[in-house]
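As given, the protein sequences belong to chains A and B, one line each in that order.
Take 0 as the starting number for the first sequence in numbering that gives the first Met the number 0 and just add one per residue.
Take 0 as the starting number for the second sequence in numbering that gives the first Met the number 0 and just add one per residue.
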Amino acid sequence: MSAVNAQHAVPTALWRARLRLALQSLRENWQLFVRTRIGIIGLAIIGLYALLALAHPILMNTVWEPRTYDPVVGYAFDETQQPAPPSLKHLLGTDPLGRDILSQLMFSARSEFLLGLLAATVTVVIGTAVGAIAAYFGGWVDTLLMRLADIMIMMPAISVLIVLSALIGVEHFELALIIGILSGFGATGVVLKSQALSVVVKPYIDAARSAGGGHFHIILVHIVPNLLPLSFLYMMFTVTSAIFSEAVLSFLGLLDVRMSWGLMIHTTESAGYLLQVTEFWWLIFPASLSITLLCSAFYLVGRSLDEVVNPRLRSR
Amino acid sequence: MNVSVGIPASASLALVSAVNLAKRYPVSAGWFRRDRSFIHAVDGVSFDLMPGETLGLVGESGCGKTTTGRMLVRLTEPTDGQVLFKNQSGDLEDIAHLKGAPLKDFRRRAQMVFQDPYESMNPRRTIFDTVAEPLHVQKIGDHSERFERVSETLSMVGLTPPASFLFRFPHELSGGQRQRVAIARALVMEPSFVVADEPTSMLDISIRTGIMQLMNELADRLGIGYLYITHDLAVARYMCSRIAVMYLGKIVEMGDTEDVLQYPVHPYTKALLSAVPVPDPEATRDALSIKGSVSAPVDPLPRCRFYDRCPIADDYCRDNDHPPLEDKGAGRLAACHKA
Ligand SMILES: Nc1ncnc2c1ncn2[C@@H]1O[C@H](COP(=O)(O)OP(=O)(O)OP(=O)(O)O)[C@@H](O)[C@H]1O
Ligand SMILES: [Mg+2]
Numbered sequence: 000m001s002a003v004n005a006q007h008a009v010p011t012a013l014w015r016a017r018l019r020l021a022l023q024s025l026r027e028n029w030q031l032f033v034r035t036r037i038g039i040i041g042l043a044i045i046g047l048y049a050l051l052a053l054a055h056p057i058l059m060n061t062v063w064e065p066r067t068y069d070p071v072v073g074y075a076f077d078e079t080q081q082p083a084p085p086s087l088k089h090l091l092g093t094d095p096l097g098r099d100i101l102s103q104l105m106f107s108a109r110s111e112f113l114l115g116l117l118a119a120t121v122t123v124v125i126g127t128a129v130g131a132i133a134a135y136f137g138g139w140v141d142t143l144l145m146r147l148a149d150i151m152i153m154m155p156a157i158s159v160l161i162v163l164s165a166l167i168g169v170e171h172f173e174l175a176l177i178i179g180i181l182s183g184f185g186a187t188g189v190v191l192k193s194q195a196l197s198v199v200v201k202p203y204i205d206a207a208r209s210a211g212g213g214h215f216h217i218i219l220v221h222i223v224p225n226l227l228p229l230s231f232l233y234m235m236f237t238v239t240s241a242i243f244s245e246a247v248l249s250f251l252g253l254l255d256v257r258m259s260w261g262l263m264i265h266t267t268e269s270a271g272y273l274l275q276v277t278e279f280w281w282l283i284f285p286a287s288l289s290i291t292l293l294c295s296a297f298y299l300v301g302r303s304l305d306e307v308v309n310p311r312l313r314s315r
Numbered sequence: 000m001n002v003s004v005g006i007p008a009s010a011s012l013a014l015v016s017a018v019n020l021a022k023r024y025p026v027s028a029g030w031f032r033r034d035r036s037f038i039h040a041v042d043g044v045s046f047d048l049m050p051g052e053t054l055g056l057v058g059e060s061g062c063g064k065t066t067t068g069r070m071l072v073r074l075t076e077p078t079d080g081q082v083l084f085k086n087q088s089g090d091l092e093d094i095a096h097l098k099g100a101p102l103k104d105f106r107r108r109a110q111m112v113f114q115d116p117y118e119s120m121n122p123r124r125t126i127f128d129t130v131a132e133p134l135h136v137q138k139i140g141d142h143s144e145r146f147e148r149v150s151e152t153l154s155m156v157g158l159t160p161p162a163s164f165l166f167r168f169p170h171e172l173s174g175g176q177r178q179r180v181a182i183a184r185a186l187v188m189e190p191s192f193v194v195a196d197e198p199t200s201m202l203d204i205s206i207r208t209g210i211m212q213l214m215n216e217l218a219d220r221l222g223i224g225y226l227y228i229t230h231d232l233a234v235a236r237y238m239c240s241r242i243a244v245m246y247l248g249k250i251v252e253m254g255d256t257e258d259v260l261q262y263p264v265h266p267y268t269k270a271l272l273s274a275v276p277v278p279d280p281e282a283t284r285d286a287l288s289i290k291g292s293v294s295a296p297v298d299p300l301p302r303c304r305f306y307d308r309c310p311i312a313d314d315y316c317r318d319n320d321h322p323p324l325e326d327k328g329a330g331r332l333a334a335c336h337k338a
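Structural data, given as structure tokens:
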């Protein structure tokens, strides 16, 4: 192969080889994932809610008239009494302020996803960095990061969030950051560090060092890629805890959000319908069931990934 | 630079020189105990390695061979002593204080081949990535030059045609092929010194010879100085012109391979040899066996390290410190009061 050729051929061939490895391990892991079954259930629920979230803007632009169906400022003029029970026009009825519940549910699904994914990404970026750095450098760097982790783990997340939301006003974005930081520097960082410890003792780390590779090179090229499967797993668990925290805080009326599942229950509660579940079931069930289902779905996917990532847990 | 302290006269010719190298690892003695114990993994090891020479380091498991090798390429910091390495201008330089560009230069010249070919490669990187890594971190050449160089090195270690290996992953290769890749990675920067830590011990017997032949041939062709670590005297005989026999962190005997193997001076070397079947049935050798097995050298007593297992030891060996490595005639060095 001539030098001119190699200039282009090598990167292409390299990427093709990497893609092949990625696809191969994806296929193998997918088979394991399917075999656990619970992961597939989780995935189906997530898919359902993703569809609902995607369908909302489409419906708002076509069949749902915004004046009536807007999840925040809409009012169901066609109903004589609010909250109205489910009907053909309002499949899940309306809330005490006359807003369509199905529209609220679908609108909120999107922000739950965004919240969960952002929190999970922040968690995993921080957790992977903390784990890799603590395991690689050891010594006082490790001690410092692990004491910080102890503090993060001991801090009761919900109470911290309550204080913070009282102080600075927390929206979805801030909430995701706070959860991500707490969990990334806390439990997730600790778990990823213990995984990284098994990577830093591999001879290929020594080989990279004796070739003259710097800290940054070794961490980025050799340690982090070997942590990614576990990082991905912890993303799923973070999504669960983010959605759950959001629900609790919204229910307590502590978040500055326009609409969310937790806020729907809050509205019900402040209008005095919370204890009349049997009579006004459509005010409570859709939102609380959604919270439960989506939280469990990400948890199930996480559990299933856990078996894929940790061969020891695999049931034979 | 002033490196006169304790350096043998021949040091100026040497490629690498170990001077009283020592490594002690603390052993946790239990909670609340102040008096720490230490494993004396390597304890006062000195030798010179000439350019292009292959020096064998032999000894039982746990005697400190790997630790010695790692200190020579600065993967482990010595507790005591120095490693001197011939730098660009031909001077011996203490590698402990190298930083920045001089350290990178040292890394380019001194490489290590690791024992386990299954663990010494990142499973997520292609063979090209693995072999090109030294070039990449040393910023040698552009993409096509690296490609040429990696291909050449792969064919040199017998992985031909290189194109059929470049874009595969370690798990797609056999143990022997992997060890060849590991050798290619060590040689791609054309080092002058390579520590080979039992490169064949994890391989199938049938492919060991191939790897040894390859390393021998490359040493001759490229003029590489090897420190060849092995516990197998037959391997040492095949690979090395000189050998150093280690016991519990100390070199107990050192000399030309054939000499040492035919006329061992130290009782430990004799015992090692009597454990190896003699190829010539006519030849007789003093039957000599040693008692017990090797232990970890935790806080050794000030006596001969071999005292507990030595068949010829007496009170003198018990009451006096470990003997120094002395010339016992004809260039043979041994550390024994009785020899
Ligand atoms: N990182 C470490 N921490 C504590 N002790 C260590 C460490 N590395 C080595 N040792 C101890 O130092 C001694 C020498 O170890 P070393 O690995 O150098 O032996 P070796 O001759 O290479 O043995 P083998 O033939 O089994 O590879 C052993 O007793 C070992 O337990
Ligand atoms: Mg070893």
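Just so you know, even glycine gets a beta-carbon here, dropped at the ideal spot from N, CA and C.
>> Mapping the DSSP letters down to three states, classify VAL2(B) as helix, strand or coil.
In response: Any reading at VAL2(B) must be qualified, since the residue scores a pLDDT of 44, below 50, and its modelled position is unreliable; no value is offered.
> DSSP three-state call for THR78(B): helix, strand or coil?
Replying inline: In the three-state DSSP reduction, THR78(B) falls in the coil class, being neither helix nor strand.
>> Can you check whether the C-beta of ASP149(A) is within less than 8 Å of a C-beta belonging to chain B?
In response: Answer no: the Cβ-Cβ gap between ASP149(A) and chain B never drops below 8 Å.
>> Mapping the DSSP letters down to three states, classify GLY301(A) as helix, strand or coil.
In response: GLY301(A): helix per DSSP, three-state reduction.
> With a CB to CB cut of under 6 Å and the five nearest residues on each side skipped, what residues in its chain are close to TYR225(B)?
Replying inline: In the same chain as TYR225(B), and ignoring 5 residues on each side of it, the C-beta atoms closer than 6 Å to its own belong to THR53, VAL193, ALA195, ALA218, in chain order.
> Applying a beta-carbon distance threshold of less than 8 Å, which residues of chain B neighbour ALA210(A)?
Replying inline: Within chain B, the residues ARG106, GLN110, GLU132, PRO133, VAL136, GLN137, ARG184, MET188 have their CB atoms less than 8 Å from the CB of ALA210(A), given in chain order.
> By DSSP, does ALA286(B) sit in helix, in strand, or in coil?
Replying inline: With a pLDDT of 48 at ALA286(B), under the threshold of 50, the predicted position of this residue should be treated as unreliable, though the coordinate-derived value follows. It is coil, neither helix nor strand.
>> Below 8 Å on the Cβ atoms is my contact criterion, and I expect GLY211(A) with GLN137(B) to pass it. Report the Cβ-Cβ distance as a whole number of Å.
In response: That belief holds up - the Cβ atoms of GLY211(A) and GLN137(B) are roughly 5 Å apart, short of 8 Å.
> Taking C-alpha atoms, which residue in ILE283(A), CYS294(A), LEU304(A) lies nearest to TYR48(A)?
Replying inline: With distances taken between Cα atoms, TYR48(A) lies closest to CYS294(A).
> Does any C-beta atom of chain A lie closer than 8 Å to the C-beta of THR125(B)?
Replying inline: Yes, THR125(B) counts as interfacial toward chain A.
> Over what stretch of residues does the beta strand (DSSP E) that includes HIS39(B) continue unbroken?
Replying inline: Note, HIS39(B): beta strand (DSSP E), 36 to 48.
>> For SER119(B) and PHE127(B), which I take to be in contact (beta-carbon distance under 8 Å), what is that distance rounded to the nearest angstrom?
In response: Actually they do not touch by this definition, with Cβ atoms about 16 Å apart.
> Taking 8 Å as the CB-CB limit, is MET238(B) close to chain A?
Replying inline: Not one chain A Cβ lies under 8 Å of MET238(B).
>> Under 8 Å, Cβ to Cβ, is there at least one residue of chain B near ASP141(A)?
In response: Residue-level contact check: ASP141(A) does not touch chain B, since none of the beta carbons of chain B fall below 8 Å from its beta carbon.
> Alpha carbon to alpha carbon, how far is HIS170(B) from SER303(A)?
Replying inline: Taking the straight line joining both Cα atoms gives about 25 Å.
> Just the Cα atoms here: how many angstroms apart are ASP69(A) and PRO84(A)?
Replying inline: Distance between the alpha carbons of ASP69(A) and PRO84(A): 18 Å.
> Closest by CA to PRO65(A), which one among SER102(A), GLU78(A), HIS216(A), SER197(A)?
Replying inline: Closest option to PRO65(A), Cα to Cα, is SER102(A).
>> Between GLN178(B) and ligand 2, is there a pair consisting of the residue's CB and a ligand heavy atom that are separated by less than 7 Å?
In response: Remark: the C-beta of GLN178(B) is outside contact range of ligand 2, defined as less than 7 Å to any heavy atom.
>> In chain order, what are the residue ranges of uninterrupted beta strand (DSSP E) at least 3 long that sit wholly in the stretch 184 to 235 of chain B?
In response: Annotation: the stretch 184 to 235 of chain B contains the following complete segments of the beta strand (DSSP E) (minimum length 3 residues), in chain order: 192 to 196, 224 to 229.
>> According to DSSP, TYR246(B) sits in a beta bridge with which residue or residues?
In response: Paired residue(s): LYS249(B).
> From what residue to what residue does the beta strand (DSSP E) around LEU354(B) run?
Replying inline: Only positions 0 to 338 of chain B appear in the structure, and residue 354(B) is not among them; the question remains open.
> Is LYS201(A) near ligand 1, going by C-beta to nearest heavy atom under 7 Å?
Replying inline: Taking non-hydrogen atoms of ligand 1 into account, the C-beta of LYS201(A) is found less than 7 Å away from none of them.
> Can you find a heavy atom of ligand 2 that lies under 7 Å from the Cβ of GLU52(B)?
Replying inline: With a cutoff of 7 Å, GLU52(B) does not count as near ligand 2, since its C-beta is closer than that to no heavy atom of the ligand.
> Mind pulling the chain A residues with CB within less than 7 Å of LEU74(B)?
Replying inline: Per Cβ cutoff of 7 Å: ASP205, ARG208, SER209.
>> Report the start-end ranges of each alpha helix (DSSP H) in the stretch 71 to 151 of chain A that is 4 residues or longer and not cut off at the edges.
In response: Fully enclosed alpha helix (DSSP H) runs of 4 or longer: 100 to 136.
> Using the beta-carbon count (16 or more within 10 Å), is GLN81(B) buried or exposed?
Replying inline: That one is buried.
> What residue from GLU59(B), MET70(B), PHE166(B) has the CA that sits closest to ARG106(B)'s CA?
Replying inline: Residue MET70(B) is the option with its Cα nearest to ARG106(B).
> In its own chain, which residues sit with a C-beta less than 7 Å from the C-beta of LEU42(A), not counting the 5 before and 5 after it?
Replying inline: In chain order, VAL300 place their CB closer than 7 Å to the CB of LEU42(A), counting only its own chain and leaving out the 5 sequence neighbours on each side.
> Would you say GLY188(A) and VAL256(A) are within 8 Å of each other, going by their C-beta atoms?
Replying inline: Not a contact, by the Cβ cut-off of 8 Å.
> Is there a Cβ from chain B that is less than 8 Å from the Cβ of ALA2(A)?
Replying inline: Annotation note: pLDDT 49 at ALA2(A) (below 50); position unreliable, no value reported.
> Is the shortest distance between the beta-carbon of ARG315(A) and the beta-carbons of chain B less than 8 Å?
Replying inline: Residue placement at ARG315(A) is poorly supported in this model, since its pLDDT is 45, which falls under 50; the coordinates still yield a value, given next. No, ARG315(A) does not count as interfacial toward chain B.
> Where does THR67(B) sit, in a helix, a strand or coil, going by DSSP?
Replying inline: Correct three-state label for THR67(B): helix.
> For VAL223(A), which residues of its own chain have a beta-carbon under 7 Å away from its beta-carbon, when the five flanking residues on both sides are left out?
Replying inline: Shown here for VAL223(A): same chain residues with a beta carbon closer than 7 Å to its own, the five before and five after excluded, namely THR127, ALA131 in chain order.
> For a contact meaning CB atoms closer than 7 Å, what does PRO224(A) contact in chain B?
Replying inline: ARG123, listed in chain order.
> Are GLY175(B) and LEU158(B) closer than 8 Å when you measure CB to CB?
Replying inline: No. Outside cutoff.
> If you draw a straight line from the C-alpha of THR256(B) to the C-alpha of ARG331(B), how long is it?
Replying inline: Rounded to whole angstroms, THR256(B) to ARG331(B) spans 10 Å at the Cα level.
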